[in-house]
């Protein structure tokens, strides 16, 4: 029997082909038209877990199913809860994809498809790392409970109730998650924080119907103008969120972490050029990495009102919609931010329109303690697979379930990601490096070995 | 032989059926998919002019054709240039129409369809008024040159060059246009002004592609946030346009006109309730009729950015678009407003984005002198047909060709409209009263008679 690393080297072609089959299933959780595909992705994943040697169960919820894989054959060894998600973001705007979003296409050492990085590709690395142990030694070095959900991109509405109701079954010593980036190519990282999220839809309503902007312009408030003034009021001229009390709960970070951030090999000019923006922007007084990791933000994610086709239509629209979200940092609370946002919007709404706000999504920020044997094992595994010790980094995105898992299961979470910055997460042309598929699986196989040693 | 009025009474059913055939042709000039329909509407109109006893010619342009109808059989009598347009606004949002936009449907004494009021229905009243004279007397009381264009809703790009190149053929004593409203049901009106228009598309561009709002939020400017701040900067907190020098050329009206406006039977509360808005809004210090007739405005006509589908997508969009237009009053000039707008946007654009502005449409405002025999004849014709003398009123909308006709042909324009306020011009469920089809044709037949007497 080969060792797990040799097995991975031998089977890598098959591993990739299987992953590409997984990526071909358009498991877009936010879109009801894709419900059958989300189900199909869950069933496919359960079958792969079985093939790897785990038992599997598809747990139905009021939304998309949770896939649970288990192996309990190492009494006395630690139990690792692996978490990932098999749902993906919508692929639009479709016309900006170079190759189809659900047809994995290799170019320049990368594979392009929706879900390569977030999170099907990374989730699948765990399945293969476990298979490598089982195939080469007939057992796993640790006990495993694998939880894969299909609703991460819509706020995990059914996962927390599931975790609450299954604390004993999910009891573990470590929560292990691969849904994040490395710091750079060949520079792996361990995450020290994640931002939280508060996501809203704002609907401004004016007259009973669209009106002619000549016959009525000047007589009634225009919901699109009103929406613009509401959105503009969300920032001050220093790039700070201008909602009263928004910063009340923001923690100031310790000097050591700030020094570690400052020491990272980041180049603003290179970053700016890669994004093709005239200049970087954001909250004044903070560096770029601080702004995306440890400072909160407010972004408009969508705008729609009136006539948006070609040419001119002189309509005075009767409604205007914005999707608006806040990235939160420790210790901001989405529920409190929702209250503050609603109060602020009510205070700045101009006369003549009504505003409705829907809460679409909320998740708390998370802060890790980068200490203990699991973190040491992860540092060693990354160093062996990549030849470089990992750096500490923050995560700008949100994985709301992390803090819920920690609280419910009373175990620490370890976030170990293999995507690259700039991998077009949630955007057209999402990609994953082929070499990171290989090194990611190897890192995880090494880590499982060390955790069980 | 019957007199023209009796002929109209006899033929009214046929007149309506013909109009409905005209309305069934979806002659949306702004949408290239409807080019064939715009052509079909022109051909249909030319045929109806021939049937009424005029010669007709379809004059091709680089866009949609101009239909010219002529009758020159009254030497010594005045020549009237009739102008109208056979193109219509796009019908969207389609799902807000109670009956299909291009299937005329009678309900509650009205006919509903795109173009009933603006302007096919009113244009067609002239064809039938002329037919009534020809059929009942074998001749027209005046010489007529009828100019119907198919590009009014896209800024009449080919009409002014046509008028300039055909001044002799179009030479006339009066320019007669029916493309406006009455003041109220059974209260006809003569127009003393029209507002002009400057219409722009504003495109804000950020990074090379859409980005993940977690991974990049805070590092780069968000074009949707930037657009909101640009749009919010267009008004001050008193509802005035906040572009420097915007009001420089706005004329103050004479006390007599202001008194006439104040004397009109307008009720703000009734108007507010009809529009179903919580309160009226606009520039402080002016009454509602002043705000829509003699004060300039700025309205956002469309907004589009990022994700606008159901649910949440945490995208940081890389572009945002707004359609923005200004209604102008005498003596504002669209070219100068375009310059001022561009300067202002450049001054307020936040760092980190680029902005492109397209001029989509421009038209000068117009001010009438309500004097002379043609205006007297119109007052008498309206009084005979409606039983009420007309009131003077302003027009909030724009018919840019009016001032061009006046200047090129050195003749006064008379604007005499038969649509009703609230007829959903440029909006879903556009309508025209059935009784106004009848009284409109009769008014025009009486007017043509008086002009030739």
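Chains as they are written, first to last, in our numbering: chain V, 906 to 1358; chain L, 906 to 1358. Where is the CB? At the ideal position from N, CA and C, for every residue including glycine.
{"query": "If we count the other Cβ atoms within 10 Å of its Cβ and call it buried at 16 or more, is residue 1278 of chain L buried or exposed?", "result": "exposed"}
{"query": "Could you pull the DSSP bridge partners for residue 1203 of chain L from this structure?", "result": "L:1231"}
{"query": "Can you check whether the CB of residue 1144 of chain L is closer than 8 Å to the CB of residue 1189 of chain L?", "result": "yes"}
{"query": "For residue 985 of chain L, go through chain V and note every residue whose CB falls closer than 7 Å to its CB, in chain order.", "result": "The contacting residues do not exist; residue 985 of chain L stays about 26 Å from chain V at best."}
{"query": "In angstroms with no decimal places, state the Cα-to-Cα distance between residue 1205 of chain V and residue 1207 of chain L.", "result": "16 Å"}
{"query": "Tell me the start and end of each unbroken alpha helix (DSSP H) in the segment 1095 to 1176 of chain L that is at least 4 residues and wholly inside, in chain order.", "result": "1118 to 1121, 1128 to 1137, 1160 to 1168"}
{"query": "For residue 1017 of chain L, list the residues DSSP reports as bridge partners.", "result": "L:1010, L:1336"}
{"query": "What residues of chain L sit near residue 1154 of chain V, judged by a beta carbon separation below 9 Å?", "result": "None at all; the shortest Cβ gap to chain L is about 17 Å."}
{"query": "Using the three-state DSSP reduction, which class does residue 1243 of chain V fall into: helix, strand or coil?", "result": "helix"}
{"query": "What's the C-alpha gap between residue 1320 of chain L and residue 1099 of chain L?", "result": "10 Å"}
{"query": "Under 8 Å Cβ-Cβ, which residues of chain V neighbour residue 1121 of chain L?", "result": "1180, 1197, 1301"}
{"query": "If you compare alpha carbons, which of L:942, L:1340, L:1009 is closest to residue 1018 of chain L?", "result": "L:1009"}
{"query": "Quick one: grab the DSSP three-state call for residue 1304 of chain L.", "result": "coil"}
{"query": "Which residues does DSSP pair with residue 1271 of chain L in a beta bridge?", "result": "L:1099"}
{"query": "Is DSSP giving residue 1376 of chain L helix, strand or coil here?", "result": "Nothing can be reported for residue 1376 of chain L, as the shown portion of chain L is limited to 906 through 1358."}
{"query": "Which residues of the segment 1051 to 1069 of chain V have a Cβ closer than 9 Å to any Cβ of chain L? Give them in chain order.", "result": "1058, 1059, 1060"}
{"query": "Apart from the five residues just before and just after residue 1344 of chain V, which ones in its own chain have a Cβ nearer than 8 Å to its Cβ?", "result": "1290, 1291, 1323"}
{"query": "Pull up the DSSP beta-bridge partners for residue 1086 of chain V, would you.", "result": "V:1324"}
{"query": "What do you reckon, are the CB atoms on residue 987 of chain L and residue 1068 of chain L nearer than 8 Å?", "result": "no"}
{"query": "What is the DSSP secondary structure of residue 1047 of chain V, reduced to helix, strand or coil?", "result": "coil"}
{"query": "Anything in the segment 1024 to 1044 of chain V with a Cβ closer than 8 Å to a Cβ of chain L? List those residues in chain order, please.", "result": "none"}
{"query": "Could you tell me whether the Cβ of residue 1329 of chain L comes closer than 8 Å to any Cβ of chain V?", "result": "yes"}
{"query": "Which one of V:1047, V:921, V:1029 has the shortest CA to CA distance from residue 1354 of chain V?", "result": "V:1047"}
{"query": "Just verifying my parser: in three-state terms, what is the DSSP assignment at residue 1346 of chain L?", "result": "helix"}
{"query": "What separation, rounded to the nearest whole angstrom, lies between the Cα atoms of residue 1317 of chain L and residue 1203 of chain V?", "result": "56 Å"}
{"query": "From residue 1076 of chain L to residue 933 of chain L, what does the alpha carbon distance come to, in whole angstroms?", "result": "30 Å"}
{"query": "Suppose contacts are defined by Cβ-Cβ distances below 8 Å. Is residue 985 of chain V in contact with residue 1356 of chain V by that definition?", "result": "yes"}
{"query": "Can you say whether residue 1228 of chain V is buried or exposed, counting buried as having 16 or more other CB atoms within 10 angstroms of its CB?", "result": "buried"}
{"query": "Measure the beta-carbon distance from residue 1247 of chain V to residue 1201 of chain V and round it to whole angstroms, keeping in mind my assumption that it falls under 8 Å.", "result": "Not quite, the Cβ-Cβ distance comes to about 17 Å (not below 8 Å), so this is no contact."}
{"query": "Which bits of chain L does residue 1212 of chain V rub up against, with CB to CB less than 8 Å?", "result": "995, 997, 1206, 1207, 1228"}
{"query": "Can you tell me the Cβ-Cβ gap for residue 1256 of chain V and residue 1184 of chain L, rounded? I've got them flagged as a contact below 8 Å.", "result": "5 Å"}
{"query": "Buried or exposed, going by whether 16 or more other CB atoms sit within 10 Å of the CB of residue 1175 of chain L?", "result": "exposed"}
{"query": "Taking the continuous alpha helix (DSSP H) assigned at residue 1064 of chain L, which residues delimit it?", "result": "1064 to 1070"}
{"query": "Report the CB separation of residue 920 of chain V from residue 949 of chain V in whole angstroms; it is logged as a contact under 8 Å.", "result": "Wrong, their Cβ atoms sit about 15 Å apart, outside the cutoff."}
{"query": "Can you list, in chain order, the residues of its chain whose CB lies under 7 Å from that of residue 1280 of chain L, leaving out five sequence neighbours each side?", "result": "1095, 1319"}
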